[in-house]
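J.: Counting from 1358, one number per residue, gives the positions in the sequence shown under the numbering used here. Don't be surprised by glycine CBs; every beta carbon is placed ideally from N, CA and C. What follows is a structure written as structure tokens; I'll ask about it next.
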Amino acid sequence: RALTKRITELAKATRIVSEGDYDHRIPVAGHDELSDLGTEFNSLTARLKETEELRRRFVSDASHELKTPLAAIQAITESILDGVVSMKQARERYLDMILHECRQMSTLISEILLLEQLETAGIEFHWADLELKPFLQAQQEKYRPLLEEKMLRLEFALDTPQRTIRADADRLEQVLNNLLSNAIRYSFPGGRILLKVWLEGNSLHLSVTDHGEGIPADSIPYLWERFYRVDKSRSRHRGGTGLGLAVTKKLVEGMAGEIRVTSNPGVQTVFTVILPQ
């Protein structure tokens, strides 16, 4: 009877949890196999609760992030249709705003999908030999308009001019895109951004240093969370999605590497990517 009662309790608990009550736990006493099973069941339920909370928060955050540009697009479109904006110059400015918000949503959706793929191991990495100097020069050329707009200089410091590394070029470019975009966004005008590369043991170190606003020490542990923003009121206006660093960390980890950050607010911030070679 005692054995049957415990099995019945476990079956009942399974039904309760399957209906969505992740707070339910089984009383555990003793050290036999059923007690071990009860402990594992409670641990599984706790993980399910945590996963469900993360899912709900993600849906809420994603909905909020999409709602903001959609509201802007709706308001601007209604103004144009109602004839509030009649001058050609004003209409073109408003249409540019609509295009900007659409691009923001497109970027956000792309990063959400990429992050989902990375978390479910749905992305393959393609390794090949990559000549580093022309690869980095291509990044510099791509960001030239943004750099010139803020009067910034992008400088390189390579430990050797002829460095060939083993990497996935597309994924490494995505990592650099996120780090350089952030560096440009938060640098003080007229400053410089330093991209440094060196080999240390069997690891390639790649760092991006900017001289700008910096990151408060209490914000650094949360940088890799989805939709986390150090300055929530200003980042969206500057074009950030709040997903870039979360994606970057997953990409680096997918390449068996790690990413670190140090910051001295108002002076400089350094993001360092370490990849095995």
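Report yes if the C-beta distance between V1565 and F1628 is below 9 Å; otherwise report no.
T.: Taking 9 Å as the Cβ cut-off, V1565 and F1628 qualify as a contacting pair.
J.: Using only the alpha-carbon positions, how far apart do E1458 and D1389 sit?
T.: Spanning the two alpha carbons is a distance of roughly 60 Å.
J.: Assess, as a yes-or-no matter, whether the region 1468-1477 is touched by the region 1494-1507 under the definition of 3 or more beta carbon pairs within less than 8 Å.
T.: Output reads no: the region 1468-1477 does not touch the region 1494-1507.
J.: What alpha helix (DSSP H) runs, 4 residues minimum, are completely inside the region 1490-1578?
T.: Whole alpha helix (DSSP H) segments, 4+ residues: 1501-1506, 1526-1543.
J.: Tell whether a beta-carbon distance below 9 Å holds between E1468 and T1521.
T.: Result no, Cβ atoms of E1468 and T1521 do not sit closer than 9 Å.
J.: If we ignore side chains and look at the alpha-carbon of each, how far apart do T1361 and L1580 end up?
T.: If you take the alpha carbons of T1361 and L1580, they lie about 50 Å apart.
J.: What is the residue span of the alpha helix (DSSP H) that I1430 lies within?
T.: That run of the alpha helix (DSSP H) goes 1390-1438.
J.: In the structure shown, what three-state DSSP assignment does L1471 receive?
T.: Three-state result, L1471: helix.
J.: Would DSSP call D1453 helix, strand or coil?
T.: D1453: helix per DSSP, three-state reduction.
J.: Are the Cβ atoms of A1495 and A1524 separated by less than 9 Å?
T.: Not in contact: A1495 and A1524 (Cβ atoms no closer than 9 Å).
J.: Just checking, does the region 1438-1458 make contact with the region 1402-1410 on the three C-beta pairs under 8 Å criterion?
T.: As far as the Cβ criterion goes, the region 1438-1458 does not touch the region 1402-1410, which means the pair count is below three.
J.: Does the contact criterion of 3 or more C-beta pairs under 8 Å hold for the region 1552-1571 versus the region 1609-1628?
T.: Short answer: they touch.
J.: Residue range of the alpha helix (DSSP H) that T1626 falls in?
T.: Per DSSP, T1626 belongs to no alpha helix (DSSP H); it is in the beta strand (DSSP E), 1625-1633.
J.: Apart from the five residues just before and just after T1605, which ones in its own chain have a Cβ nearer than 6 Å to its Cβ?
T.: Here the set comprises V1532, N1535.
J.: Anyone know if the C-beta pair for A1638 and P1633 falls short of 9 Å?
T.: The displayed coordinates of the chain run from 1358 to 1634. Any statement about residue 1638 would go beyond what the structure contains.
J.: Helix, strand or coil for V1374 per DSSP?
T.: In the structure shown, V1374 sits in a helix (DSSP, three-state: H, G or I).
J.: For V1416, count the other beta carbons within 10 Å of its own beta carbon; 16 or more makes it buried, fewer makes it exposed. Which is it?
T.: V1416 comes out exposed.
J.: Less than 9 Å separating the beta-carbons of I1550 and L1511?
T.: Result yes, Cβ atoms of I1550 and L1511 sit closer than 9 Å.
J.: Is the distance from the Cβ of D1418 to the Cβ of R1583 below 9 Å?
T.: Yes, the pair counts as a contact, with Cβ atoms nearer than the cut-off.
J.: For E1366, which residues of its own chain have a beta-carbon under 7 Å away from its beta-carbon, when the five flanking residues on both sides are left out?
T.: If we look at E1366 and ignore the five residues flanking it on each side, its Cβ neighbours are I1383.
J.: Just the C-alpha distance for S1544 and I1480, rounded to the nearest angstrom, thanks.
T.: When rounded, the distance between both Cα atoms is 32 Å.
J.: Does the beta-carbon of H1620 have 16 or more other beta-carbons within 10 angstroms, so that it is buried, or is it exposed?
T.: Here residue 1620 is Ser; the residue named in the question, His, does not match the sequence. Result: buried.
J.: How about A1428 and I1455: do their beta carbons lie closer than 9 Å?
T.: The answer is no: Cβ separation not under 9 Å.
J.: Quick check on this structure: which residue in R1448, F1398, K1553 has the alpha carbon closest to the alpha carbon of E1435?
T.: For E1435, the nearest C-alpha among the options comes from R1448.
J.: Tell whether a beta-carbon distance below 9 Å holds between G1623 and G1571.
T.: Result yes, Cβ atoms of G1623 and G1571 sit closer than 9 Å.
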